[in-house]
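Order-wise, the sequence lines are chains P and L.
For the first sequence, the positions run 1 to 159 when my numbering is used.
For the second sequence, the positions run 1 to 422 when my numbering is used.
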Amino acid sequence: MNTLTVNGVRHTLDLDPSTPLLYALRNQLELNGAKFGCGLGQCGACTVLLDDQPVFGCLTPMAACEGRSVRTIEGLGNAEHPGPMQASFIKHQAAQCGYCIAGMVMRAQALLEQNPQPNQAQIRAHMEPNLCRCGTHMRIIAAISEVALSRQVKPRSKP
Amino acid sequence: MKRTTWIWAGGALAAGCVAAAAWMLQPSIAAVAPPSPAEFEPAAIARGARVVAQGDCMVCHTAKGGEPYAGGLALRTPFGTIYTTNITPDAATGIGGWSLAAFTRALRHGVARDGHLLYPAFPYIHYTRMSTADIGDAYAYLMTRAPVAARAPDNELIFPLGFRPLLAGWNLLYLRPGPESDDAAQSVEWNRGRYLVDGAGHCASCHSTLDPIGGERSPAFSGGNIDGWDAPALTALLHAPKPWTREQLALYLRHGWSPDHGAAAGPMSPVAHSLSQAPAEDAEAMATYLMSLQAPAAPAATPAPPAGPQTAQVMQGQTLFNGACASCHGAAAPMMAAGGRPPLSLSGAVAGASPDNLIQTMLNGIPWTHPQPSTFMPAFAASLNDAQIASIAAYLRADAGRRPAWTGLEKRVADLRKENQP
C-alpha cells in the first residue's frame with residue numbers, strides 16, 4: 001500500500017511503487033488536469049508540484065512521493081473559482097488546444113511562489129522545460145507577467 | 001581544505017613572493033585605439049575562430065545568459081570566486097585598448113595590458129604554448145566581435161590573494177613560457193595533437209589533480225575534479241568497460257557523445273560543443289596524442305561477477321529506477337531500441353571510481369545549452385531526495401556496473417547538492 005498526499009488530502013492506494021505519480025493522479029484519483037505527453041520528461045505536460053517544486057509526473061515514481069506533498073492544478077481553483085494564475089491564463093486566452101496548459105500553470109505557480117517578481121528573462125528561463133506545440137508562448141508569458149505584477153500569488157516560506 | 005594545507009599554501013606563497021620580487025612589477029603597455037575590423041584579413045579572422053574554439057574561450061568568458069565573450073562568469077575555486085573578464089573589443093571594459101603585443105603577453109605570461117598579474121584560473125600556463133601565428137589569429141577574431149560594455153564583478157578571494165603581485169611567485173613555480181618544440185620521433189599528427197591538448201585546449205587544467213596552491217600536479221592527466229564533477233584520468237582510457245579507441249575519442253570530443261561510452265555532461269558538454277566548431281582533424285589529432293598516453297589495459301577482463309547483494313538500498317534503487325529512469329534507459333525502452341545509445345553498463349559515470357558524475361547527472365540532468373541537436377536528460381534534483389538518488393546510484397553500480405559498491409552515497413548526494421547551489 002502507498003500513501004499519497006495530494007492537494008492536502010491523504011490517499012491510500014494499492015499500486016506498484018514504481019508506478020509514475022501521473023498514472024496514480026489520473027487513473028486512481030481522477031485528477032485529469034496533468035496530461036501524459038511524451039513520458040520521457042521532455043515536454044512538461046505532466047508537470048505537478050512535489051514539495052512545492054515543479055516535477056515531471058511521468059518520471060516521478062510513487063515510491064519517491066512517500067511522506068511528501070503533491071499539488072496539482074485542481075488544487076489551485078476550479079472553473080467557478082479559478083486561482084489567480086488560472087484566471088490570468090483565461091484572461092489572456094493562453095490556451096489553444098490546452099494540452100500543455102495544466103503543466104504550464106503549475107510550473108508558473110512554482111516560480112511565483114519562490115520569486116514573486118521575476119523579470120522576463122527569469123520567466124523564460126524557468127518555463128523552458130515546458131513545451132507548447134500550438135505556439136501560445138507569448139500569451140503564456142503575458143499571463144504569468146500579469147500575475148507577477150498583481151502580486152496575487154503569495155510566496156511560500158522555504159521549508 | 002585542511003588547515004595545514006592553508007598554512008602550507010601561505011608559506012609557499014610568502015617564500016615565492018620574496019624570490020620573485022623582481023618579477024612582481026610588470027610595465028603597462030600603452031592603450032591603443034580599438035582597431036577597426038577592416039584592419040584584419042578575413043582569412044586571419046576565420047583561422048582565429050578555429051583557435052578560439054580550440055581554446056574554449058567562450059565557455060568561461062560568457063556569463064550564463066550573457067553576451068558572448070563579455071565575461072562575468074563566476075569561477076568558484078578553493079581560493080574564492082573569480083569573475084571572468086570581458087574579452088570583447090570594448091575600449092573601457094573589454095580588451096579594445098589592447099595591442100597585439102599586450103594580448104600576446106597576457107597569453108604567454110599571464111599579465112594584463114596595464115601590467116597587473118592575471119590569476120591562473122586563466123590558463124596562461126597552457127596558452128603560452130600557442131604559436132605566435134595562432135595568437136595573432138585569435139586576436140584578429142576577438143577584436144572583430146561586437147564590443148559589449150560589461151564590467152565583471154570584483155573577485156572575492158581569501159586573504160591575501162587579492163594582492164596580485166603574489167602571483168609572481170606562483171609563476172616562478174608553474175609557468176614555463178613559450179611554445180614547445182616538436183618531438184621529431186613522433187608523427188606530425190601526434191605533434192599537432194600535443195600542441196592542441198597542452199596549448200589552446202588546456203585539457204590538463206581540469207583533468208589533472210591540483211596541488212594546494214592550485215598548480216597542476218605531475219604527471220599530468222591523472223584526473224581532477226571541477227565544479228563537483230569528476231574529470232576522469234586521461235591516462236586510463238583503456239580501463240573503461242569498453243576500452244576507448246582513437247576514433248571513438250575523436251568522435252566524443254566533437255559530438256559530446258560516444259556510442260560505447262555515453263554522453264559528455266557537466267563541464268565537458270561545452271568543451272565538446274566548442275570543439276564541434278573546429279574541423280574534425282583537430283579532434284582527431286588530439287585523440288591521437290591522448291591515446292599515446294595510455295597506461296596498458298587491465299589484464300583480460302575476468303567474467304563479470306554476478307550482481308551485488310540485494311541490499312535494501314539496491315532494491316529501493318531498482319524500484320525508483322523502474323519508475324524514473326527506465327522509460328529511457330530500460331533495455332526495452334524505445335530510445336534504446338532506436339540504437340546508438342550505450343547501455344548504462346558501459347557508462348563511465350557508472351564504472352568510475354567515484355559516484356560524483358552519476359549523482360551529478362541525476363541531479364542536474366544534461367541540459368540543452370545551445371540550439372544544435374544534442375544529448376538531453378531532465379534533472380531529478382526536485383523529484384528525488386538524497387536517499388533516493390543514492391539508492392539509484394547503488395542499484396546501477398551493482399546491477400549495470402557489476403563493480404564494488406560505493407560507500408557514503410547519501411552524504412555525497414547532499415554535499416554535491418550543496419555545491420551546486422549558485
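Don't be surprised by glycine CBs; every beta carbon is placed ideally from N, CA and C.
Keep in mind the model is a prediction, meaning the values are calculated, not measured.
Please name the residue or residues paired with residue i in a DSSP beta bridge.
| i | result |
| --- | --- |
| L/T62 | L/G71 |
| L/I366 | L/M377 |
| L/E156 | L/T81 |
| P/F56 | P/T47 |
| P/T12 | P/T3 |
| L/A263 | L/W257 |
| P/S69 | P/T5 |
| L/P117 | It is Leu, not Pro, that sits at residue 117 of chain L in the sequence shown. In the DSSP output, where bridge partners are listed per residue, L/L117 has L/V111. |
| P/P61 | P/P20 |
| L/R76 | L/T81 |
Which residues of chain P have a Cβ atom closer than 9 Å to the Cβ of residue i, listed in chain order?
| i | result |
| --- | --- |
| L/G262 | Those within 9 Å of L/G262 in chain P number zero; the least Cβ separation is about 18 Å. |
| L/L320 | P17, S18, P61, A63, A64 |
Can you tell me whether residue i is buried or exposed, with buried defined as 16 or more other CB within 10 angstroms of its CB?
| i | result |
| --- | --- |
| L/Q360 | buried |
| P/P159 | Bear in mind that the predicted position of P/P159 carries a pLDDT of just 48, short of 50, making it too unreliable to give a figure here. |
| P/S150 | exposed |
| L/Q310 | exposed |
| P/D16 | exposed |
| L/S292 | exposed |
| L/M1 | Confidence at L/M1 is low in this model, with a pLDDT of 47, below 50, so the placement of that residue should be treated as unreliable; the coordinate-derived value is given next. Flag for L/M1 reads exposed. |
| L/V350 | buried |
| L/P241 | buried |
| L/E216 | buried |
| L/V188 | exposed |
| P/R26 | buried |
| P/A108 | buried |
| L/L25 | exposed |
| L/N171 | buried |
| L/T85 | buried |
| L/S36 | exposed |
| P/Q120 | exposed |
| P/N78 | exposed |
| L/S131 | exposed |
| L/N385 | buried |
| P/T12 | exposed |
| P/A95 | buried |
In chain L, what lies closer than 8 Å to residue i by C-beta?
| i | result |
| --- | --- |
| P/Q109 | What P/Q109 touches in chain L: nothing, since even the nearest Cβ is about 14 Å away. |
| P/F56 | P378, S383 |
Whose Cβ in chain P lies nearer than 8 Å to the Cβ of residue i?
| i | result |
| --- | --- |
| L/F376 | Q42 |
| L/G65 | A121, A125 |
In chain P, which residues lie less than 7 Å from residue i when you measure between Cβ atoms?
| i | result |
| --- | --- |
| L/L384 | A64 |
| L/Q388 | A64 |
List the residues of chain L whose Cβ lies closer than 7 Å to the Cβ of residue i, in chain order.
| i | result |
| --- | --- |
| P/G39 | S327 |
| P/Q53 | A382 |
| P/T19 | G323 |
| P/L50 | A382, S383 |
In chain L, what lies closer than 9 Å to residue i by C-beta?
| i | result |
| --- | --- |
| P/A45 | Residues of chain L passing the Cβ test: none, with the nearest at roughly 13 Å. |
Requested in this report: Go through the segment 208–238 of chain L residue by residue and report every complete run of the beta strand (DSSP E) that reaches 3 residues or more, in order.
Outcome: Entirely contained in the segment 208–238 of chain L, the beta strand (DSSP E) runs reaching 3 residues are, in chain order, 224–226, 229–231.
Query - the segment 271–280 of chain L in contact with the segment 254–261 of chain L per 3-pair CB rule at 8 Å - result: In the pairwise beta carbon analysis, the segment 271–280 of chain L is classified as touching the segment 254–261 of chain L: at least three pairs are separated by under 8 Å.
Query - Every unbroken alpha helix (DSSP H) inside the segment 126–212 of chain L [4 residues or more] - result: The DSSP assignment places complete alpha helix (DSSP H) segments of no fewer than 4 residues inside the segment 126–212 of chain L at 132–143, 167–174, 188–198, 204–207, in order along the chain.
Report task. Pair every Cβ in the segment 282–293 of chain L with every Cβ in the segment 393–411 of chain L, then say whether three or more of these pairs are closer than 8 Å. Result -> Output reads no: the segment 393–411 of chain L does not touch the segment 282–293 of chain L.
Report task. Spell out a yes or no on whether the segment 322–333 of chain L and the segment 58–75 of chain P are touching, meaning 3 or more CB-CB pairs, one atom from each, closer than 8 Å. Result -> Touching, yes.
Query raised in the report: Below 8 Å, can you find three or more Cβ-Cβ pairs linking the segment 223–238 of chain L to the segment 357–371 of chain L?
Result: Yes, they touch.
Query - Inside the segment 74–109 of chain P only - beta strand (DSSP E) runs reaching at least 3 residues - result: Taking only runs of at least 3 residues, no beta strand (DSSP E) segment lies wholly in the segment 74–109 of chain P.
**Report entry** Stretch pair the segment 181–199 of chain L + the segment 139–146 of chain L: three plus CB contacts closer than 8 Å
**Finding:** Look at the beta carbons and you see the segment 181–199 of chain L not touching the segment 139–146 of chain L: under three pairs across the two are nearer than 8 Å.
Report task. Answer yes if the segment 115–132 of chain L comes into contact with the segment 25–44 of chain L, meaning at least three C-beta pairs across the two stretches below 8 Å, and no otherwise. Result -> Contact holds: three or more Cβ-Cβ distances are below 8 Å.
Query - contact_flag[the segment 386–396 of chain L, the segment 313–320 of chain L] where n(CB pairs < 8 Å) is 3 or more - result: At 8 Å Cβ cutoff, the stretches touch.
Query raised in the report: Can at least three beta-carbon pairs, one atom from the segment 60–67 of chain L and one from the segment 80–96 of chain L, be found at a separation below 8 Å?
Result: Short answer: they touch.
Query raised in the report: How do the segment 78–87 of chain P and the segment 36–44 of chain P stand: do at least 3 beta-carbon pairs fall below 8 Å, yes or no?
Result: Here the segment 78–87 of chain P does not lie against the segment 36–44 of chain P, with fewer than 3 beta-carbon pairs under 8 Å apart.
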